[in-house]
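>
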Amino acid sequence: MKLLVTGGAGYIGSVVTRMLLDNGHEVVVLDDLRTGHREALAPDATHVDASIHDAGRVVTREAGFDGVLHFAALIAAGESMVKPELYWHTNTVGSLALIDAVRAAGVPRMVFSSTAAVYGNPTELPIPETAVKAPTNTYGATKLAVDMALTSEATAHGLAAVSLRYFNVAGAHLAGDVALGERHDPETHLIPLALDVAAGRREKLQLFGDDYPTVDGTCVRDYIHVADLARAHLLALGAATGGQHRIYNLGNGSGFTVKQVVDVVRKVTGHPVPVEVAPRREGDPTELVASAALAREELGWVPEKPTLHDMVGDAWTFYRTHILGRP
0 MKLLVTGGAG
10 YIGSVVTRML
20 LDNGHEVVVL
30 DDLRTGHREA
40 LAPDATHVDA
50 SIHDAGRVVT
60 REAGFDGVLH
70 FAALIAAGES
80 MVKPELYWHT
90 NTVGSLALID
100 AVRAAGVPRM
110 VFSSTAAVYG
120 NPTELPIPET
130 AVKAPTNTYG
140 ATKLAVDMAL
150 TSEATAHGLA
160 AVSLRYFNVA
170 GAHLAGDVAL
180 GERHDPETHL
190 IPLALDVAAG
200 RREKLQLFGD
210 DYPTVDGTCV
220 RDYIHVADLA
230 RAHLLALGAA
240 TGGQHRIYNL
250 GNGSGFTVKQ
260 VVDVVRKVTG
270 HPVPVEVAPR
280 REGDPTELVA
290 SAALAREELG
300 WVPEKPTLHD
310 MVGDAWTFYR
320 THILGRP
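Just so we're aligned: 251 in numbering that gives the first Met the number 0 is position 252 of the sequence shown, and the numbers increase by one with no gaps anywhere.
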């Protein structure tokens with residue numbers, strides 16, 4: 000198939016792009032490199048340097064796309080609460096521009112990178128897809144809006160749509176001479192920040208709140224390896240059905256506290272990770288653990304690297320070689 004990957008120079012989009020190419024697909028990457036990395040672009044993919052808002056220039060009937068995988072978005076939940084206008088403009092308005100282009104061009108299928116943040120503070124754990132959607136931050140709200148738009152698009156215009164909801168992605172894709180890992184600027188995610196501290200590039204790690212009703216007072220999150228996540232997108236592409244919007248949670252079904260993650264980083268790296276407790280961040284749910292039972296049943300998706308040690312170990316390998324430049 001000929002496929003468009005938006006955000007294909009980003010962390011997850013770049014891994015999915017490589018896997019699509021490895022499976023014989025033709026891939027065009029749409030990425031303005033505002034948050035992506037040129038070196039993460041797959042050499043066998045065609046790169047279009049443009050904003051998601053200009054997707055209509057790329058997604059045309061003449062281009063002949065068979066599907067779109069949409070990753071282009073701003074992702075920092077904390078930032079979304081202080082700069083909500085950026086998130087609505089990029090995540091929602093940009094996505095609607097893409098959906099309009101998909102409809103006009105007659106592209107039959109679309110896979111959307113959604114998030115477990117749409118659930119907010121869940122009333123049941125692990126979280127099923129049927130759980131109440133009540134996001135506690137603007138980031139989650141912008142993603143939920145796109146999910147709802149895709150449901151309408153599938154019903155009204157026959158689009159084959161799939162949304163994949165996941166929360167914390169970790170690890171790195173290490174295959175032969177390909178190494179793709181996490182490196183945001185600024186970095187807001189726990190594991191790369193903890194690796195920064197372990198490597199001596201930061202003095203200490205901030206823990207945002209230690210008074211949550213959990214086993215050690217810190218938030219609980221479900222982590223998934225980026226390679227496992229990428230495989231789910233390929234499976235979703237094949238399962239997309241015209242006129243339907245399927246939604247799947249992706250996770251390991253168990254969560255880890257912030258302190259537990261930091262302990263694993265200490266063990267994997269062999270270095271200390273000093274911590275400092277900071278106030279809670281507005282919009283942070285206490286616990287997010289997603290049930291992936293439906294994805295296992297309907298997509299046949301099973302994580303191959305489910306342990307936190309796997310994820311931190313691969314992330315540390317990527318960090319040493321590509322961030323620190325050490326073997």
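Cβ atoms here follow ideal geometry from the backbone N, Cα and C, with glycine treated the same way.
#1: Distance, Cα to Cα, Gly77 vs Ile223?
#2: Please name the residue in Ala100, Pro42 and Ala75 whose C-alpha comes closest to that of Glu61.
#3: May I ask you to check if the CB of Asn90 is nearer than 7 Å to at least one heavy atom of the ligand MN?
#4: For the beta strand (DSSP E) holding Ser112, just list the boundary residues, first then last.
#5: Which same chain residues, not among the five before or five after Arg265, have their C-beta less than 6 Å away from its C-beta?
#6: Taking the beta strand (DSSP E) that Leu173 belongs to, which residues open and close that run?
#7: Can you check DSSP and say which residues form a bridge with Phe255?
#8: Closer than 8 Å by C-beta to Gly35: which residues in its own chain qualify, once you throw out the five before and the five after it? Chain order, please.
#9: Out of curiosity, what's the CA-to-CA distance linking Leu32 and Ala289?
#10: Three or more beta-carbon pairs under 8 Å between the segment 142-157 and the segment 196-203, yes or no?
#11: Skipping 5 residues on each side, what residues in its chain have a beta carbon closer than 8 Å to that of Val214?
#12: With a cut-off of 8 Å, do at least 3 Cβ pairs link the segment 282-300 to the segment 64-84?
#13: For His156, count the other beta carbons within 10 Å of its own beta carbon; 16 or more makes it buried, fewer makes it exposed. Which is it?
#14: Rounded to the nearest angstrom, what separates Arg220 and Val131 at their Cα positions?
#15: When you compare the segment 164-172 with the segment 236-249, are there three or more beta-carbon pairs, one atom per stretch, that lie closer than 8 Å?
#16: What residue does the beta strand (DSSP E) around Arg25 start on, and which one ends it?
#17: How about the segment 308-326 and the segment 169-189: do they share at least three Cβ pairs that are nearer than 8 Å?
Taking the structure as given:
#1: 21 Å
#2: Of Ala100, Pro42 and Ala75, the residue nearest in Cα terms is Ala100.
#3: Summarising the ligand content, the structure contains no ligands, and the ligand MN is consequently not present.
#4: Arg108 to Thr114
#5: Excluding five sequence positions before and after Arg265, the CB atoms of its chain that fall closer than 6 Å to its own CB belong to Val272, given in chain order.
#6: His172 to Ala174
#7: Partner(s): Arg220.
#8: Gly6, Gly7, Ala8, Gly9, Gly12 and Ser13
#9: In a straight line, the C-alpha of Leu32 is about 30 Å away from that of Ala289.
#10: no
#11: Thr256
#12: yes
#13: Flag for His156 reads exposed.
#14: 18 Å
#15: yes
#16: According to the sequence provided, residue 25 is Glu. The question's Arg does not apply to it. It spans Glu25 to Leu29 - the beta strand (DSSP E) in which Glu25 sits, taken as one unbroken run.
#17: yes
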